[in-house]
Amino acid sequence: MGKKGFGAAAATFGKGDLPGFVKRSGSSSSLANSAGSDTGTDRELGQGWEADGWDFDNEDDAWLDGGADVAKRTAANGAGSKKPASRENGGTSTSGRPPLSKPSTKQSKDGRLGALRLTKKKEEPESRTASELDVWNDDLDDLETAGLLSDTTGRKAEPEAAGTSSGGFWREVWVQASLAAPIALLQVTWFGRMVASLYFIGHLGGDELAGAALAITFSSVTGYSLMFGLSGGMDPLCAQAFGAGEYGALGLTLQQGWAVLTVTCLPILALWLNLEPLLLLLRQDPMLAHKAGTYLRFLSADLFLAAWAQPLRSYLRSQHIARPMAAAALLAFSGHIPFLYLFVTYLKFGAPGAAIANTITSFNFVLTLFIYVQCFPGPHRKAWAGWFVSALDPRGWGPLLRLALPACIATCQEWWAYEAMIIMSGYLARPDVTVASMSVVMNCSSLFFMLPLALSFAAAARVGKELGAGRPQGAKTAAKVAVGFGVLAGLLMFALIETLHNKISRFFTKDEEVIALVSKLLVILGITELGNAPQSLLSGILKGAGRPTIIAWLGLVTYYILALPLAITLVFVLHWEAQGFWWALVFSQSFQAIVLGGFVVSQDWDDLADRARKLAEVQGEQANTAVIALAATAAGEHGGQKYSIADDLDDDML
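Just so you know, the UniProt record's numbering puts 23 at position 23 of the sequence shown, and the rest follows in order with no gaps.
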């Protein structure tokens, strides 16, 4: 964030406004009455927004960079005017801007947080005339147009009438495609990181590769799946808050996500550091256990980086910001292969060197995204109001956890079911062939899944934004487009796999037995994608609508009541060998797509929009409270003396 950030900003933060201002919603008469009822030197600004010394009708406040129209008008009215050498009590801020007095808060009449009690300027009149109020509101409009204030706070924007949306069907197609393309590039780039690491490890020998593969599987099941799943709870919260204009809620949710995932990492870290004795307890080969345990110890720091990377991804894509994420991934990956060569080949660290390279690449990715969020200009800057200590309070995690836990369960169920099938394949007649073949096909499945996954993220962001904005018909249109993309993605994956399955199988190995089995399994994988891609998009729709519980319960039925029992029957009873695993997935994925489609069709979009806005308001109130607490703390740090809010805002935000 530059300099001090917003940490010392003495202001209320309502529904997406620039931190530092609370926007007036009352009528002219009510404003005049409130001004006329002032006593002494204190005046309460209930639903209005104003601060001591801030008068947007003069040139003093033309410093606001995005409020160009305000600056031009005020400059024309007061050209050549000088800032007063002193303000009330002779105090001035270091920036020459008017000082702001220590705030205190209480509930306003309608129960909303956001009332400030500020010391009034001595020269300020006791009331405003109607014409002055008109100019005041004109200035508010100009600031909103400049993007410095949201139209959802104070003077609230009316929700769109039923049946309206933010754009037509084909515009929605373009928006989702534009959002999904860089997300897919990000996913493929990150998948390439794993492939490159395994390539370098594979040249070290079979023992090193086996140990690393076991460690990677264990880390996926016990760590990364949880990070990915828990961060999924942020998707509806952030998307709906973005649509509702609750920009402060976005920043608060991001920091809560970091806190939740970091706390989750602690018990996982203890498990990872003790992998070797755990594997020995399970009677694994001592050498294999040692190599896997060593690899995972060097990979431990990467878990915490994932705990920061995943919330950043959700935070940005919910605001329809995807290209910077793809650029950050490409930038980080550009150094990955040189790091692999340095640590694995040149310094001869072995497989742990690949873990070190992975960690450095992840750090570069997180650092790049964090710098973008903090320093680069753009609409996302409205969502960052500084660091909130309240984000560390578990009592405020309720809205996030209610969505994150079902999302995590849904993700882990799927990941663990696939891993269980690989483990079961080791009990077949030729485990060396079947395990290798299943691993290759699983990796192919992950690679081909990148497109449906990216489209699913785009669908969640679009549906959530439209619902948060109070546009149920817009959300419905986004859902229709997402379903269409799901069907097209399934057909595309099917065509690619069926056309290239022989070439794909020969790309991974030279073993003819493995090639033959992989080729057969890929044909079934192509059929699986006909159901898998649509169900992924349907899941994205329900995530954006804030209904991850449906996905979690359905996943339990799909994978553990249908898929795995059916796979066991086909493989071990009917002796379909490894092909039985994938035919079980064909059935389960198709079943899941049909049921999810029924849930999506039956949704009451008007009710979902109401729920979304209420949820966004809850998060917005938390953000209001957090900013007010920061303001009070900052005022206390100043010894109760007046200080300038402008001194605590970043230059590019002013």
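Just so it is clear, CB atoms sit at the ideal spot from N, CA and C, and this is done for glycine as well.
Own chain partners of residue i with C-beta closer than 7 Å, once the 5 adjacent residues on each side are dropped
i           : result
residue 658 : Because the chain is modelled from 1 through 654, residue 658 falls outside the range shown and cannot be assessed.
Phe376      : none
Arg193      : Phe333, His336, Asn358 and Thr361
Ala489      : Leu451, Pro452, Leu455 and Ala533
Gly353      : Phe343, Val344 and Leu347
Val463      : Ala475, Ala478, Ala479, Ile541, Gly544 and Ala545
Cys444      : Ile504, Leu522 and Leu525
Phe365      : Ala309, Ala328, Ala329 and Ala332
Leu570      : Trp576, Gly580, Trp583 and Ala584
Leu186      : Met325, Ala326 and Ala329
Arg506      : Ile515
Leu271      : Thr222
Ala567      : Met421, Gly580, Phe581 and Ala584
Thr368      : Ala328, Leu331 and Ala332
Glu184      : Per the sequence shown, residue 184 should be read as Ala rather than Glu. Hits under 7 Å: Met450, Leu451 and Ala454.
Leu204      : Gly350 and Ala351
Pro311      : Ser231, Met234, Leu254, Gly257, Trp258 and Leu261
Given residue i as reference, the closest of the options once Cα atoms are compared
i           : options                           : result
residue 712 : Arg283, Arg402, Met442 and Leu269 : Shown here, the chain extends from 1 to 654; a query on residue 712 therefore has no answer.
residue 703 : Phe449, Lys543 and Ser439         : Nothing can be reported for residue 703, as the shown portion of the chain is limited to 1 through 654.
Pro182      : Ala259, Leu316, Ala309 and Val263 : Leu316
Leu496      : Gln619, Thr528, Thr509 and Ala180 : Thr528
Glu498      : Leu564, Gln589, Lys520 and Ile568 : Lys520
Leu340      : Leu198, Phe485 and Ile321         : Leu198
Ile321      : Leu282, Gly378, Pro277 and Gly484 : Gly378
Lys465      : Leu278, Glu419, Val188 and Gly245 : Gly245
Gly555      : Ala410, Ala391 and Ser390         : Ala410
Val481      : Leu303, Gly468 and Ala461         : Ala461
Ser220      : Gly484, Ile568, Tyr372 and Ala420 : Ala420
Phe370      : Asp393, Arg313 and Pro338         : Arg313
Lys614      : Met227, Ala196, Pro394 and Ala241 : Ala241
The alpha helix (DSSP H) enclosing residue i, as first and last residue numbers
i      : result
Ala391 : Element bounds for Ala391: n/a, residue is neither H nor E.
Leu538 : Glu512 to Gly544
Leu451 : Met450 to Gly468
Val188 : Phe169 to Gly202
Asp207 : Gly206 to Ser219
Arg297 : Pro286 to Arg317
Gln255 : Tyr247 to Leu273
Gln473 : Pro472 to Phe508
Ala420 : Gly398 to Ser425
His336 : His336 to Leu340
Tyr224 : That residue, Tyr224, is in no alpha helix (DSSP H); it is neither H nor E in DSSP.
Gln240 : Met234 to Ala244
Gly597 : Gln579 to Val601
Gly555 : Pro548 to Gly555
Pro352 : Ala351 to Cys375
Ile568 : Leu564 to Ile568
Own chain partners of residue i with C-beta closer than 8 Å, once the 5 adjacent residues on each side are dropped
i      : result
Leu400 : Gly233, Met234, Leu237, Thr253, Gln256, Gly257 and Val260
Thr549 : Pro406
Phe349 : Phe343 and Ile356
Val433 : Asp511, Glu513, Val514 and Leu517
Arg171 : none
Tyr560 : Gln413 and Ala417
Val483 : Pro534, Leu537, Leu538, Ile541, Gly597 and Val600
Ser300 : Leu269, Trp272 and Leu273
Leu574 : Gly580
Nearest-angstrom beta carbon gap, residue j and residue i [assumed within contact, 8 Å]
i      : j      : result
Ala385 : Ala616 : That pair is no contact at about 16 Å.
Gln319 : Ala383 : 7 Å
Ala609 : Gly470 : 5 Å
Leu447 : Phe494 : Contact doesn't hold; Cβ gap of about 15 Å is too wide.
Val600 : Leu538 : 6 Å
Ser602 : Thr558 : Contact doesn't hold; Cβ gap of about 18 Å is too wide.
Leu428 : Phe363 : With a Cβ gap of about 40 Å, Leu428 and Phe363 do not count as contacting.
Ala239 : Gly468 : 7 Å
Ser390 : Ala593 : Not quite, the Cβ-Cβ distance comes to about 41 Å (not below 8 Å), so this is no contact.
6 Å CB neighbourhood of residue i in its chain, flanking five on each side removed
i      : result
Ala458 : Gln176, Leu179 and Ala180
Ala351 : Ile201, Glu208, Ala212 and Tyr295
Gly251 : Ala383, Trp384 and Ala385
Arg323 : Pro182
Met424 : none
Phe508 : Val440
Ala215 : Ala292, Tyr295 and Leu296
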